[in-house]
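Peer 1: Sending over a structure as structure tokens; questions will come in a sec.
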Amino acid sequence: MPAWARAMPHGPVRQGFDEVSGRSIDLMVAETSFATGGRRGHAIAVNGSIPGPLIRLKEGEPVRLNVTNHLAEDTSIHWHGLLLPFQFDGVPGVSFPGIAPGQTFTYDIPALRQSGTYWWHSHSGLQEQAGHYGPIIVDPAGADPVQADRDYVLLLSEFTPMHPHAIMAKLKKGEEYFNRQKTTATDDYPLTGEERRMWAGMRMMPTDIADVTGSTYTYLINGHGPDDGLEYLFNPGERVRLRVINGSAMSFFNIRIPGVKMTVVAADGLNVRPVEVDEFQIGTAETYDVVVEPTGAAHTIVAEAMDRSGMGVATLASRPGARAPVPPLRDPVLLTMTDMGHGGMDHGSGGHDGMDHGAMDHGSMDHGAMDHAGMDHGKPADPALAMDHGDMKMRDTSLLPPDVEAGPGVDMVAAMPMDRTGFPGLGLDTVEHKVLTYRDLAALAPNDDPRRPSRSMEIHLTGNMERYMWSFDGKKFSAVSDQPIRFAYNERVRVKLVNDTMMAHPIHLHGHFFELVNGAEPMHQPQKHTVIVQPGSTVTFDLTADEPGDWAFHCHLLYHMHAGMFQVVSVAFPGGAQ
Ligand SMILES: [Cu+2]
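Using the working numbering, the first residue of the sequence shown is number 1, and each one after it goes up by one.
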């Protein structure tokens with residue numbers, strides 16, 4: 001028995017992680033308990049720490065990863081963002097059967113075809129929420145275009161003392177259990193009585209930003225809570241590379257280092273043309289690499305949860321113990337009509353849209369008629385946006401394509417979903433400084449497939465907030481698990497995701513990178529494995545389906561995936577075999 005296993009049952013598991021590397025790597029998954037900031041509870045550790053070890057690999061080299069399950073239930077590891085044969089992708093029921101208790105499974109991964117920042121996590125049940133995740137760095141075979149004196153990982157996640165199954169049960173019951181903003185702060189919002197009635201008529205609140213919040217989550221950076229004093233040391237004048245990984249189950253984070261500019265150099269592991277920002281939002285399962293050149297004695301790294309119910313905190317410190325002030329949480333964010341897919345009121349160009357909520361008459365709106373007469377739409381460029389909103393509905397299912405099942409799993413249909421890749425993220429459209437948007441991203445190296453897509457398809461992201469039903473095209477996975485989305489081998493397809501819900505969903509495709517259609521020149525469309533689809537909006541990507549096999553395609557919010565926002569993508573083998 002290794003030393004960590006002997007030591008584990010007697011106390012909380014270690015925060016932070018070791019680094020493992022080489023051609024053969026052993027990983028042990030085991031039950032433990034975890035504590036930070038006065039919260040303590042059940043957890044799952046890998047190699048005796050949360051997060052589990054940083055797996056450091058090398059482009060062009062193969063690796064064998066031997067995963068041993070010491071849990072009382074099945075487990076698995078998915079290597080998020082790595083290109084590999086589908087049978088080693090680690091999704092039980094899709095790529096392999098899973099790893100039974102007491103068993104070891106060897107992931108035999110051939111020479112790596114990529115470099116950059118990635119991560120790994122369980123794809124079994126809700127284990128990811130309990131600590132079963134860790135970072136991956138693949139060092140490039142050649143020179144790294146990103147030069148830095150220091151190279152650090154910031155893996156963002158959450159800890160909750162509540163068992164993940166208890167969280168799922170509370171979400172299913174539709175209790176507003178986690179929405180602390182709603183119960184304590186809503187009365188303070190500048191909403192008119194009519195606006196309150198409008199949101200109540202939709203059985204929602206404009207504060208429905210996150211399903212699970214800081215009322216139960218402690219936000220972690222590398223396993224450290226905000227009071228744990230996590231430090232990243234630097235010498236003034238040095239270039240510091242921060243590899244930011246959102247390894248959380250359910251949280252988006254807004255990242256900033258007050259007083260320090262960040263140059264974004266990679267997105268989802270792949271290099272992008274450098275772009276300087278003051279802040280960026282990172283969706284669940286995305287990664288961004290930034291380079292900073294701090295000059296002060298200390299700077300606070302703030303990872304504020306998107307709903308502003310808490311934050312992860314660390315310090316860039318020029319000497320141990322140096323500290324900078326920690327800014328307070330900013331005011332909570334409110335959803336707007338744009339988030340309901342009633343386009344034309346986009347926030348894209350920076351400032352707020354000029355919509356005067358006070359002048360709106362929402363009094364009669366109950367999933368039905370709505371009078372927008374007093375609303376300032378600005379100057380819509382698209383004539384469609386000038387249409388009369390007189391009979392706008394929240395759930396006009398005639399707007400859906402025929403393959404979308406408009407049953408109880410669909411409580412909203414975006415009437416005019418717009419491309420919002422120029423939107424920086426909820427709550428960041430009104431800040432005074434530069435925030436990254438998807439439109440700022442351009443691939444550093446040219447993409448390898450210049451073909452125009454030969455086919456296009458549309459997939460709707462659908463949900464019923466109250467019943468906690470989440471699905472693609474109105475059909476949860478259990479209803480369509482035998483009907484995968486099929487692609488011919490090497491087919492080039494343009495996929496449009498339409499978000500018919502009021503939540504932002506981070507959609508992840510396994511085994512591939514897709515090119516975000518974001519206005520960049522076609523050969524430099526940024527390649528990603530996970531994309532945020534903003535509420536009531538669309539995202540379009542071009543995909544070359546050249547990795548044969550069955551792959552998971554899902555929302556990376558853990559409880560949304562578990563509720564059914566999941567599908568299998570099946571790519572034919574060369575020659576046509578499926
Ligand atoms: Cu989702």
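Where is the CB? At the ideal position from N, CA and C, for every residue including glycine.
Under 6 Å Cβ to Cβ from Glu276, same chain only, skipping five residues before and after it: list those, please.
Peer 2: Lys261 and Thr263
Peer 1: Are Thr462 and Ser456 close, meaning C-beta to C-beta below 7 Å?
Peer 2: no
Peer 1: For Gly390, count the other beta carbons within 10 Å of its own beta carbon; 16 or more makes it buried, fewer makes it exposed. Which is it?
Peer 2: Confidence at Gly390 is low in this model, with a pLDDT of 38, below 50, so the placement of that residue is unreliable and no value is reported for it.
Peer 1: Taking 7 Å as the threshold (C-beta atoms), are Pro294 and Leu329 in contact?
Peer 2: no
Peer 1: Run the proximity test for Met604: is its beta-carbon closer than 6 Å to any non-hydrogen atom belonging to ligand 1?
Peer 2: Lying before the first or after the last residue shown, residue 604 is absent from the chain, which here runs from 1 to 578.
Peer 1: Please identify the residue among Glu231, Gly409, Glu238 and Pro402 whose C-alpha is closest to the C-alpha of Ala322.
Peer 2: Glu231
Peer 1: Just to confirm, are Thr117 and Asp278 a CB contact at a threshold of 7 Å?
Peer 2: Judged by beta-carbon spacing, Asp278 lies beyond the 7 Å limit of Thr117, meaning their Cβ atoms are not closer than that value.
Peer 1: Helix, strand or coil for Met250 per DSSP?
Peer 2: coil
Peer 1: Mind checking Gly575: buried by the 16 CB within 10 Å criterion, or exposed?
Peer 2: exposed
Peer 1: Quick one: using the 10 Å Cβ neighbour count with 16 as the cut-off for buried, is Arg241 buried or exposed?
Peer 2: Buried, because 16 or more other Cβ atoms sit within 10 Å of the Cβ of Arg241.
Peer 1: Can you tell me where the beta strand (DSSP E) holding Met503 begins and where it ends?
Peer 2: Segment: none, Met503 is in no beta strand (DSSP E) and carries neither H nor E.
Peer 1: Determine the closest residue to Ala266 out of Lys528, Ala479, Asn254 and His123, with distance taken between C-alpha atoms.
Peer 2: The residue from Lys528, Ala479, Asn254 and His123 with its alpha-carbon nearest to that of Ala266 is Lys528.
Peer 1: Going straight from the alpha carbon of Val431 to that of Pro417, what length do you get?
Peer 2: 24 Å
Peer 1: Can you tell me whether Phe513 is buried or exposed? The criterion is at least 16 other CB atoms within 10 Å of its CB, across all chains shown.
Peer 2: By the 10 Å Cβ count, Phe513 comes out buried.
Peer 1: Just checking Met250 against ligand 1 - is the residue's beta carbon closer than 6 Å to any of the ligand's heavy atoms?
Peer 2: Result no, Cβ not under 6 Å from ligand 1.
Peer 1: Report the three-state DSSP secondary structure of Ala386 (helix, strand or coil).
Peer 2: Confidence at Ala386 is low in this model, with a pLDDT of 32, below 50, so the placement of that residue should be treated as unreliable; the coordinate-derived value is given next. Ala386: helix per DSSP, three-state reduction.
Peer 1: So what's Pro574 in DSSP terms, helix, strand or just coil?
Peer 2: Here Pro574 sits in coil by DSSP.
Peer 1: What span of residues does the beta strand (DSSP E) with Pro135 cover, start to end?
Peer 2: Tyr133 to Asp139 is the span of the beta strand (DSSP E), which, as asked, contains Pro135.
Peer 1: Can you check DSSP and say which residues form a bridge with Ile216?
Peer 2: As written in the sequence, residue 216 is Thr, which differs from the Ile given in the question. Bridge partners of Thr216: none, in fact.
Peer 1: Have a look at Phe88, Asp403, Ala324 and Gly341 and flag the residue whose alpha-carbon is nearest the alpha-carbon of Arg395.
Peer 2: Gly341
Peer 1: Is the stretch 551-561 touching the stretch 499-514 in the sense that three or more CB pairs, one from each, lie closer than 8 Å?
Peer 2: yes
Peer 1: Would Leu71 and Val29 qualify as a contact pair, given that the criterion is a beta-carbon distance under 7 Å?
Peer 2: yes
Peer 1: Run through the DSSP bridge pairs and tell me what Gly116 is partnered with.
Peer 2: Looking at the DSSP assignment, Gly116 forms a beta bridge with Val138.
Peer 1: Is His132 a contact residue of ligand 1, with contact defined as CB to any heavy atom under 6 Å?
Peer 2: no
Peer 1: Using 10 angstroms around the beta-carbon of Ser537, count the other beta-carbons present and answer buried if the total reaches 16, otherwise exposed.
Peer 2: Flag for Ser537 reads buried.
Peer 1: Kindly list the residues whose CB is nearer than 6 Å to the CB of Ala373, restricted to its own chain and excluding five residues on each side of it in sequence; keep chain order.
Peer 2: In this prediction, Ala373 scores a pLDDT of 33, lower than 50, which makes its location untrustworthy; no coordinate-derived value is stated.
Peer 1: Pick out whichever of Arg40, Val67, Gly474 and Ser251 has its Cα sitting closest to the Cα of Thr160.
Peer 2: Arg40
Peer 1: Have a look at Arg14 and Ile221 and give me their C-alpha separation to the nearest angstrom.
Peer 2: Put simply, the backbone Cα of Arg14 is about 13 Å away from that of Ile221.
Peer 1: Does the beta carbon of Leu171 fall short of 6 Å from some heavy atom of ligand 1?
Peer 2: no
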